[in-house]
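Structure first, commentary second.
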Amino acid sequence: MARLLQLSPGVAPFDATLSLMLGVVRIFRRQGIYKSFDLAARHVPSGFKVRGHGISGNRVYPLEDLDHKKYSSGDLLIYHHGIACDAEPFIRQFPGSRFMVYHGLTPASFYLPYNLTVAGRLERGRRELQRLASAFERAYCFSRVTEADLRESGYLNIRKVDPPLQDVWSGSATGSPEGLQPFETRSDRTGHGRDDEKPARKEGPVILTVGRIVPNKNHEPLIRMMALLRQIHPEARLILAGELRPGLEHYQRHLKDLVRTLRLQDAVDFTGLVQADRLEQIWNQCDVYSCSSLHEGYCLPLVEAMVRNRPVVYLKYAGSAAAETMDGAGLGLNPLDPFVLSELISELHTNDTLYASIVRTQQERLQRLRPEELAQDIVNQMALVGGVDD
35 MARLLQLSPG VAPFDATLSL MLGVVRIFRR QGIYKSFDLA ARHVPSGFKV
85 RGHGISGNRV YPLEDLDHKK YSSGDLLIYH HGIACDAEPF IRQFPGSRFM
135 VYHGLTPASF YLPYNLTVAG RLERGRRELQ RLASAFERAY CFSRVTEADL
185 RESGYLNIRK VDPPLQDVWS GSATGSPEGL QPFETRSDRT GHGRDDEKPA
235 RKEGPVILTV GRIVPNKNHE PLIRMMALLR QIHPEARLIL AGELRPGLEH
285 YQRHLKDLVR TLRLQDAVDF TGLVQADRLE QIWNQCDVYS CSSLHEGYCL
335 PLVEAMVRNR PVVYLKYAGS AAAETMDGAG LGLNPLDPFV LSELISELHT
385 NDTLYASIVR TQQERLQRLR PEELAQDIVN QMALVGGVDD
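Under my numbering, the first residue of the sequence shown is numbered 35, with each subsequent residue one higher.
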């Protein structure tokens, strides 16, 4: 039986790309086609381990440790692209079938005022995307935003699919980024858990956004919204749950200066990187999920919010796939006016009928997701050229 190697520019704890890589592993393991599953990345944190998922060595191998001679023509490479990886020589020498999963490249312009190194890696990543157009049998993407990038870069064989959300969708082993129950069984304000949530609601709504504290996430409108929401609900809170990335101190200082200027120090919480159990506690505290991002290739936390039956309010913006991910569910605004947003969140907090209606549309959206689509299409593509036994 063959080997499956997944390669990405980098991995980090609770990273969306890593979560999707593990989803791919779970789906392919069920199909029984591959005997071993390797993960590798250009940048791997020291001592980083991936336990409980059947990954070779319970680790992510550094790119420089990979040897294409270890693999054969019956093996499979899935390369996840989202920033410069410097993996082109290995990719082209890999002897088996090769597929790309394109997660999206953030425009470098978001980083130019804050970190020239990251901006440079994003520009190099875009050039790599163009050079690699001939290296893969097919490229996969999760949205029209990322599909347009692929077409502009010269890719011809493209398939837009739902991401492999297995960890998010059905729960997972201890230590995974999500560890969720299936959404159908979760107690929430629309079901038998309703009475338990009344005391918390009297204290004011808790708004959550999850993701790295980086410029394209556009946190400023949420902070400005809090100054208005606190006039209606003095106990309202905003939680920005995500890593404060080194090298972006100027952007983070800008946000914290805005918090101080608006006197919101006791209302806005920057959690930094948190462990899975702590993140789950934060999800349980929140009433509403909000996404103000200006660029998203998919935005996995939107699905995580829907799984937990938290109403989603998001920015509908041409550069972001958030509206496509929500697919008519939740509440999309353009522009994301702080005054309108504060009034809307207040209404969600006090209007049970509206709350239940939004959650219902989100549950319907979840039912339309097809998380096994990517893996099954790869199997079908390989069968066409004799790479997989029927």
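Glycine is no exception: its CB is placed at the ideal position from the N, C-alpha and C atoms.
Checklist entry - Looking only at DSSP bridge pairs, what is Met134 linked to? => result Numbered from 1 along the sequence shown, position 100 holds the residue referred to as residue 134. According to DSSP, which records beta bridges pairwise, Met134 is partnered with Tyr113, Ala173.
Checklist entry - In or out: Arg373 buried (at least 16 other Cβ within 10 Å) or exposed? => result Working through the sequence shown from its first residue, we reach residue 373 at position 339. Just to set this straight, residue 373 is Phe in the shown sequence, not Arg. Burial is judged here by how many other beta carbons sit within 10 angstroms of a residue's own beta carbon; Phe373 has fewer than 16 and is exposed.
Checklist entry - When DSSP builds the beta bridges, which residues end up paired with Ile412? => result Translated into the one-based positions of the sequence shown, residue 412 becomes position 378. Ile412 is bridged by DSSP to nothing; it lacks a bridge partner.
Checklist entry - Which residues mark the beginning and the end of the beta strand (DSSP E) in which Arg271 is found? => result Position 237 of the sequence shown, counted from the start, is the residue given in the question as residue 271. 271–275 is the span of the beta strand (DSSP E), which, as asked, contains Arg271.
Next on the checklist: Just list the residues that DSSP pairs Cys325 with in beta bridges.
Outcome noted: Stepping through the sequence shown from its first residue, residue 325 is reached at position 291. Bridge partners of Cys325: Tyr348.
Checklist entry - What is the residue span of the alpha helix (DSSP H) that Gln401 lies within? => result Taking the sequence shown and counting its residues from 1, one reaches residue 401 at position 367. Residues 386–402.
Checklist entry - Taking the C-alpha atoms as reference points, what is the distance between Arg132 and Asn92? => result On the sequence shown, residue 132 is found 98 positions in, with the first residue counted as 1. On the sequence shown, residue 92 is found 58 positions in, with the first residue counted as 1. Taking the straight line from one Cα to the other gives about 23 Å.
Next on the checklist: Looking at the secondary structure, which residues open and close the alpha helix (DSSP H) in which Asp72 lies?
Outcome noted: Translated into the one-based positions of the sequence shown, residue 72 becomes position 38. Segment 68–77 is the beta strand (DSSP E) holding Asp72; no alpha helix (DSSP H) there.
Checklist entry - Would you call the region 57–72 and the region 158–175 touching, i.e. three or more CB-CB distances under 8 Å? => result The answer is no - the region 158–175 does not touch the region 57–72, with fewer than three Cβ pairs under 8 Å.
Item to check | Beta carbon of Met340 nearer than 8 Å to that of Gln396 | outcome: Here the question's residue 340 lines up with position 306 in the sequence shown. Here the question's residue 396 lines up with position 362 in the sequence shown. The answer is yes: Cβ separation under 8 Å.
Checklist entry - Going along the chain, which unbroken runs of the beta strand (DSSP E) with 3 or more residues stay wholly within the region 80–129? => result Within the region 80–129, the complete beta strand (DSSP E) runs of at least 3 residues are 94–96, 110–115.
Item to check | For Ile61 and Ala409, believed in contact at Cβ under 8 Å, the rounded distance | outcome: What you label residue 409 is simply residue 375 of the sequence shown in a count that begins at 1. What you label residue 61 is simply residue 27 of the sequence shown in a count that begins at 1. Sure, about 4 Å apart at Cβ, within 8 Å.
Checklist entry - How about His114 and Val135: are their beta carbons less than 8 Å apart? => result Locating residue 114 in the sequence shown gives position 80, where the first residue counts as 1. Locating residue 135 in the sequence shown gives position 101, where the first residue counts as 1. Yes; because the gap between Cβ atoms is below 8 Å, this pair is in contact.
Checklist entry - Buried or exposed: which applies to Asn385, given that a residue is buried once 16 or more other Cβ atoms fall within 10 Å of its Cβ? => result Reading the sequence shown from its first residue, position 351 is the one you call residue 385. That one is exposed.
Next on the checklist: Taking the straight line between their C-alpha atoms, what separation do you get for Lys194 and Phe170?
Outcome noted: On the sequence shown, residue 194 is found 160 positions in, with the first residue counted as 1. On the sequence shown, residue 170 is found 136 positions in, with the first residue counted as 1. Distance between Lys194 and Phe170, taken at the CA atoms: about 15 Å.
Checklist entry - DSSP three-state call for Asp303: helix, strand or coil? => result Taking the sequence shown and counting its residues from 1, one reaches residue 303 at position 269. In the structure shown, Asp303 falls within a strand segment according to DSSP collapsed to helix, strand and coil.
Checklist entry - So which of Pro280, His253, Ile316, Gln309 has the shortest CA-CA distance to Leu292? => result For the purposes of this step, residue 292 is taken as the residue at position 258 of the sequence shown. Selected option, being the one with the closest Cα: His253.
Next on the checklist: Cutting at 6 Å between CB atoms, please list the residues of its own chain near Gly281, excluding the five before and the five after it.
Outcome noted: Counting from one through the sequence shown, the residue named residue 281 turns up at place 247. Exclusion of the five residues before and after Gly281 leaves Asn149 as the residues of its chain whose Cβ lies within less than 6 Å of its Cβ.
Checklist entry - Going by alpha carbons, who is nearest to Glu237 out of Lys251, Pro47, Asp311, His383? => result The count along the sequence shown starts at 1 and reaches residue 237 at position 203. Of Lys251, Pro47, Asp311, His383, the residue nearest in Cα terms is His383.
Checklist entry - When burial is assigned at 16 or more other CB atoms within 10 Å of the CB, is Thr151 buried or exposed? => result Residue mapping note: residue 151 aligns to position 117 of the sequence shown, counting from 1. Looking at its Cβ environment, which holds fewer than 16 other Cβ atoms inside 10 Å, Thr151 is exposed.
Checklist entry - If you drop the 5 nearest sequence neighbours on each side, which residues of the same chain put their C-beta closer than 8 Å to that of Pro129? => result Position 95 of the sequence shown holds residue 129. Excluding residues within five positions, the ones whose Cβ falls inside 8 Å are His102, Tyr105, Ser106, Ser107, Asp109.
Checklist entry - Taking the alpha-carbon positions, what's the Met416 to Ala173 distance? => result Along the sequence shown, read from residue 1 onward, the residue named residue 416 stands at position 382. Along the sequence shown, read from residue 1 onward, the residue named residue 173 stands at position 139. Rounded to the nearest angstrom, the two C-alpha atoms are 13 Å apart.
Checklist entry - By how many angstroms is the C-alpha of Glu406 removed from the C-alpha of Ala363? => result Within the sequence shown, the letter at position 329 stands for residue 363. Within the sequence shown, the letter at position 372 stands for residue 406. Taking the CA atoms as reference points, Ala363 sits about 22 Å from Glu406.
Checklist entry - Any idea what DSSP makes of Gly353, helix, strand or coil? => result The residue labelled residue 353 in the question sits at position 319 within the sequence shown. Secondary structure at Gly353: coil, using DSSP grouped into helix, strand and coil.
Checklist entry - What is the rounded straight-line gap between the Cα of Tyr145 and the Cα of Leu38? => result As a working note, residue 145 is residue 111 in the sequence shown. As a working note, residue 38 is residue 4 in the sequence shown. If you take the alpha carbons of Tyr145 and Leu38, they lie about 34 Å apart.
Checklist entry - Would a C-beta distance cut-off of 8 Å place Thr243 and Cys325 closer than the cut-off? => result Mapped onto the sequence shown, residue 243 falls at position 209. Mapped onto the sequence shown, residue 325 falls at position 291. Cys325 sits close to Thr243, with the two beta carbons spaced by under 8 Å.
Checklist entry - In three-state DSSP terms, what is Ile192? => result Counting from 1 along the sequence shown, the entry for residue 192 is found at position 158. Ile192: strand per DSSP, three-state reduction.
Next on the checklist: Beta-carbon within less than 6 Å of Arg271's beta-carbon, same chain only, minus the 5 sequence neighbours each way: which residues are those?
Outcome noted: Taking the first residue of the sequence shown as 1, we reach residue 271 at position 237. So the list reads Val240, Ala301, once near-sequence residues are dropped.
Next on the checklist: Suppose the cutoff is 7 Å on Cβ atoms and the five residues either side in sequence are ignored; what does the same chain contact list for Gly366 look like?
Outcome noted: As a first step, residue 366 is located in the sequence shown; it is residue number 332 there, counting from the start. Residues Tyr348, Lys350, Ala357, Met360 of the same chain have their beta carbon placed closer than 7 Å to that of Gly366, with the five preceding and five following residues left out of the count.
Checklist entry - How about Leu313 and Ala275: are their beta carbons less than 8 Å apart? => result As a first step, residue 313 is located in the sequence shown; it is residue number 279 there, counting from the start. As a first step, residue 275 is located in the sequence shown; it is residue number 241 there, counting from the start. The answer is yes: Cβ separation under 8 Å.
Checklist entry - How long is the line joining the alpha carbons of Gln309 and Val94, rounded to whole angstroms? => result Residue mapping note: residue 309 aligns to position 275 of the sequence shown, counting from 1. Residue mapping note: residue 94 aligns to position 60 of the sequence shown, counting from 1. In this model, Gln309 and Val94 are separated by some 19 Å (Cα to Cα).
Checklist entry - Going by beta carbon distance, what residues of the same chain come within less than 6 Å of Phe176, once the five residues before and after it are set aside? => result Counted from its first residue, the sequence shown places residue 176 at position 142. Same-chain partners within the cutoff: Pro197, Tyr332.
Checklist entry - When DSSP builds the beta bridges, which residues end up paired with Leu242? => result On the sequence shown, residue 242 is found 208 positions in, with the first residue counted as 1. According to DSSP, Leu242 bridges with Ile273, Tyr323.
Checklist entry - How many Å lie between Leu307 and Leu190 at the Cα? => result As a position in the sequence shown, residue 307 is number 273, starting the count at 1. As a position in the sequence shown, residue 190 is number 156, starting the count at 1. C-alpha separation (whole angstroms): 38 Å.
Next on the checklist: Let me check understanding here. Comparing Cα to Cα, which of Asp120, Gly116, Pro147 lies closest to Val137?
Outcome noted: Counting from one through the sequence shown, the residue named residue 137 turns up at place 103. The question names Val, yet the displayed sequence has His at residue 137. Nearest of Asp120, Gly116, Pro147 to His137, Cα basis: Gly116.
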